[in-house]
Every structure is written in structure tokens, then in C-alpha cells.
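One structure below.
Numbering (the working numbering), first residue to last: 3 to 683.
Encoded structure:
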């Protein structure tokens, strides 16, 4: 006995240092044995709305429907999978000794492997190690890694790892994907029967999935329901009802509510980037998105009857700049008609849709007043001959009326006065990204569709004008440069804003008063068809809106603005084919107003009186009044004081009966009557 003790003492004295080193190395190895990240599989790019509802997804790079890692596992599935796979999950440390020895006993008795005894933690490790052989040695490694995983992660995190990466048959991986593919719903809304069905699938995904072996699958599900009943997770009534639920049929297609936004977001945020988290929460309102899709589909038959196969719409919330609906093309237009083309970002000829911007720029500078008369006569400028849509001329028409009626000749005259160089600069300044050629490339055609713009930029600019008007009074007559910004489709809890001390006194883009006056003109456009008598309906809301039609009837535009929302619509053919009747007021405007009918109504814009003056203007010409004019008063931008004085009123000399114009050669000055007279020249 003493010899034995001496031998052990001698051994430890001689090898103590080496033994200690080995133990330390083993502990270090154990501490770092768990790979980081645990899973590195490609995942689907998933698009959600502002409330976390699924809008669509792109299959992962390896061809699997594998959603990004979930944060938590819904209770029903958690109860079902723990009952089925690992009933002592919450009490073991990664290895269940009782289950392990029970599995050995069962395997010896059956002379084959009928039970592995693996815990959910061990199964998670096996999933992460990808195809390692199922040998005793590998199981020992899994057991060691499982204990390390239990130290590093909570039980909830381990369960989330398993649920996110377990196979569910075919190319479906993870609970999220399985729930949508088999039941077309999120896992949080699964019934007990549905949760139990999914819980038994990872046990043998290659053999059992909803597409085959349905009797065996149902038996497994029902046995699990019985076990849940036995554990008092379910009551008898719930268990019996769960057993009566049918199995799912063939896999569902995932929702495709915003396919063009999904593609846009993928290219902007994930393409070519190593991004582990491929879920993007957007600002989209799922219910509104569905209803806008339906509006376009409802108009599809009418449009197709005229050979028009494509349309797009966008809804922007003014205050936040958030995109609430993004329909890049008519759903199911067909690939032969370019349904895959995202029209919202496609540059197209603008037609008349830019006219209110020119009107605003000129109002802001005092270059024009709303009622100022502008020439509307046949015009040729350096070989360029603009024509009004109906080839009718009024001789003279007010600038505001020219906007309301979208007359071409007066607007070309206005642009000639303002200069297309300044207009080109102004458009670029407020965010038009596709007008990239030098000003001379467009010339005066810039106002009538000579340039291309996209629905994103156009609707964004109108929304920014509305935001500027809304914030002017709120900011005590100062300007926030961030009011003019691009829309945002990524969900953010905070709205961008400039600190009050950094607000600007001068309008950096378009002033509030010019924007308000432009909207005041745009609200008076006559609405199409049934909307023509809109003012007689008490529920109708005022909308500032504008249409546009490109040369050759290739593009129909309509944009509308209220203090709360901006809506943009385009209709036409993705391949650029023109069609008779492809006119903004007929093809796009009806869609616009149907979309506005989906939105809450709002009051009209508050007038920015702090930036406006009540100015005397000539009642007949709309110019700044002179002493000869009959005067009217009008609210205009403060810069209106720079506007030209009335050139049409002049003093004329008449005979004493006021019948004839005379001179001193034919009438005594004492008999002359000197009268102000309105003379158009």
C-alpha cells in the first residue's frame, strides 16, 4: 500500500507540470471549440412591412428557402419540438444522460439504431457541422460542443438556432420558411396542429414532408398531440380538434406583394455584399400595398383594351417621407409585356408633369404673378413650334390658368423668359437625377417632355414641396433643408429633422409661398369622369394634382398631393409603344383618385402668410398695378413686388362724348377726356 502511494506521489511530482499544461490547453481548446458564427449558410433576402408582415423573399444563393436567424421561437412550436425531441431540454447541460443510456439500450435490443439520444443542443451542433458522419466518435464531439454551447448561449437562443436551421423537407430550411411554405402564415399564427406537424418534420425530412407519406406524417403528428395532452400542455378538447385538422397540401408560393421593391432593395442593400442579416424591414403598409395592387389590377382590363399593359404607383407619407406603397408594375402583366420592369425607377418622357415646378420657380423670384397674362398664340422660336394639346389658342391667358389647363404655348413662353438654363439647374437642385444632359441638349423642350424623369423623383419633389409648406409655420417661418429629400422605404423610428438653431431663413429650394400658390392652381384642375363634380360631395378632399402626356402618347402621368400624402402614377407600355388615348387624365388620373380614396382625408394646406403679401394687381392683366389700373388685391409671394408693372393700361385721349380717340390736331385739348384704357399688344 505504501509502495502504491509512493508511486503515485512520484508520478505527480515528476509530471505535475506537464499535466497542468495539458489541462490548461484542454480548457483553452474547450473555451474556443465553438465556431463563430455557428452557422454561415446563405439566407433568403426577406422583405417585411413596417409591422413585420412578410412582403416577399428571394431564395438563398444555395437554392434553399432559408430565412434569416429568428430571435425567438413561438410558444406553440417550442412546446411541440421540446416534447417531441428533448423533453428535459430545460434541465440538462447539453447532454441528456438518461436519454443517452436509454438510446443505447433500445439500439442493443433492436440490433439497429432506432434512437440517437441527441438533445436539441446536440442536434443544433450537428446541423452546424454539415454532413459529418453519424458515428460514436462524432457524437462524442457533438456532446462536448453541446456543453460548450449551453455555457455560451441561453436556452432560448439555442432553441432559436435549432428552429432557424432545422430541415423541413425539400429545400425548406428553418421554421419561418416552413411556416410560410406549408401554411402561408408566420409561425406566430400557427395552430397547435400546424405547430405539431412542423415539429415532427426535422426528425426525418427526406422521408416525411407534406408532399408524400401523408398517413405516416399524420400519425406522427397525432402521437405528438397525445404527448402534449399527457403533459397537460393541451386540454382534451384542444387536442381532439387539433387531430381533426387536415395536413397541408403542396407548398405555397411566398407572398409577392412588392416584387419590384424586393428587387430594388436587394440590389441596394445586399447584392455583392457580405451581409449575414438579410432581413429588411420597410416603411410599407402591407394593407395599403395590397389595396393599391388591387386598384391597378382593377384598371388593368380597361387599359389592356387599348393596348396599354403597364402601370405603376407610389404612395409617400409627407411628414416622414416614408414610402407606404410601392407598386412597380401591374401585377401579372406578363413577362411578354415587361411585368418585371420597375417603372417607378425607369426614366420616361415627362410630358407636362414638370410645369408646376417652372411656375413655382418664377413665383419665388417674382418673375410672374398667378393672374399675370401670358401670350397664347401660334409661336415659333428658332424653328421650335410648340402646340397646345387641342391646337386652340386663347390669345392671352393667366399663368395660373395655363397651369390649370396645362397649356403648352404659354408655358414655353414662360420658360423662354425664365431661361431653360435656370430651369435645368432648379430641377437638378430639387432632386431630379435623370436630367443629366447639359441645358442646351433640352432647350425649350425641357418643359414639354424633352427630358426624362422617373416616378420616384417626380413624386418625391412634389412631396418635398408639401413638406416645406407644412413645416413653414411650425418652424416659425424658417426652412429645414431636409424637407427636400428622397423618399425612404427602409423602416426608421425617427424622422430626419434639422435642429431649430440650424434652420435657414431663405428657402434653399422652393419657398413655402411659391409651393402653396402652385398647389392652389393644381387643386383647380377638373377631375376625370365621375370625379368631375367632386366638390358636390362632402367627403371629397381637396387635392393638388397634375397630369402629363408624352409626345407620341407613350407615357401617361398623374401626381397628386395633400398635406399628408403624395401619390404618383404612371401608365403606358414598358417597351415604349405609344397608344391613342394614352393620356394622363384618362389613363393615369383615374388610378390616382382611386388610390386617394384609400387614404384618410385631410384639410388643405395652411397658407404661409408670413411669406406672402396682399398686393394690388391689375384686375384685367394680373400684373402689378399702376395708377392707371383698376385694382384688385391678391396674396402673392413676397418677391411679387419685383414683378413687372402692367404694360397694357395706358392713358388715351377721347372726345367729350367718349366715343372717339382724338389728338390735338382734331380736338381742342379743353374738350378732350383723358381716360385709362386697357390695350392688348
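In this text, a Cβ means the ideal position worked out from N, Cα and C, and glycines have one as well.
Keep in mind it's a predicted model, so treat the numbers as computed, not measured.
Item	Value
Close Cβ partners of residue 611 (< 8 Å) along its chain, the five nearest in sequence each way excluded	637
Assigned exposure category for residue 498 - 16 Cβ within 10 Å defines buried	exposed
Residues bridged to residue 328 [DSSP beta-bridge criterion]	316
Given residue 582 as reference, the closest of 314, 68, 629, 306 once Cα atoms are compared	306
Simplified DSSP assignment, three categories, for residue 336	coil
Residue 410 burial status per 10 Å Cβ neighbour count (16 or more: buried)	buried
Buried versus exposed call for residue 267 [16 or more other C-beta atoms within 10 Å across all chains shown]	buried
Beta-ladder partner(s) of residue 490, from DSSP	324
Cβ shell of residue 74 (< 8 Å), same chain only, five flanking positions each side left out	158, 162
Selection from 247, 216, 239, 202 that minimises the alpha carbon distance to residue 226	202
8 Å contact criterion, which residue 284 and residue 52 should meet: CB distance rounded	7 Å
Per-residue burial, residue 353 [other beta carbons within 10 Å of its own, 16 or more giving buried]	buried
Uninterrupted beta strand (DSSP E) stretches inside the region 247-290 (no shorter than 3 residues)	281-283
Closest Cα partner of residue 629 within the set 647, 614, 642	647
is_contact[residue 121, chain B] using C-beta, thresh 7 Å	In summary, chain B is missing from the structure at hand, where a single protein chain is found.
Reference residue 313; option with closest CA among 215, 578, 590, 631	590
Where residue 178 falls, given that 16 or more other Cβ within 10 Å makes a residue buried	buried
Check: residue 418 C-beta below 6 Å from any heavy atom of the ligand FMN	For the structure depicted, the ligand FMN is absent and the ligand set is empty, with no information on it obtainable.
DSSP-derived helix/strand/coil call for residue 149	helix
Backbone CA spacing between residue 492 and residue 272 [nearest angstrom]	13 Å
Coarse secondary structure for residue 363, derived from DSSP in three states	helix
For residue 392, three-class secondary structure by DSSP	coil
Span separating the alpha-carbon of residue 541 from that of residue 604	No answer about residue 541 holds up, because its pLDDT of 42 lies below 50 and its placement is not dependable.
Beta strand (DSSP E) segment containing residue 94, residue limits	Per DSSP, residue 94 belongs to no beta strand (DSSP E) and is neither H nor E.
Host beta strand (DSSP E) of residue 606 (start-end)	Element bounds for residue 606: n/a, residue is neither H nor E.
Residue burial classification, residue 631 (beta-carbon count within 10 angstroms, cutoff 16)	buried
Endpoints, the alpha helix (DSSP H) within which residue 467 is located	457-476
Among 338, 331, 336, 335, the one whose alpha carbon lies nearest that of residue 345	331
Range covered by the beta strand (DSSP E) that runs through residue 442	Per DSSP, residue 442 belongs to no beta strand (DSSP E); it is in the alpha helix (DSSP H), 441-444.
Spatial distance of residue 658 from residue 678 (CA atoms)	15 Å
Residue from 573, 414, 297, 189 with nearest C-alpha to residue 386	414
Residue 508 - DSSP class collapsed to helix/strand/coil	coil
Span of the beta strand (DSSP E), counted from its first residue to its last, around residue 399	397-400
Segment limits, beta strand (DSSP E) that includes residue 675	675-680
Secondary structure, alpha helix (DSSP H): runs of 4+ residues fully inside the region 558-631	591-598
Test item: CB-CB of residue 557 and residue 574 under 7 Å	yes
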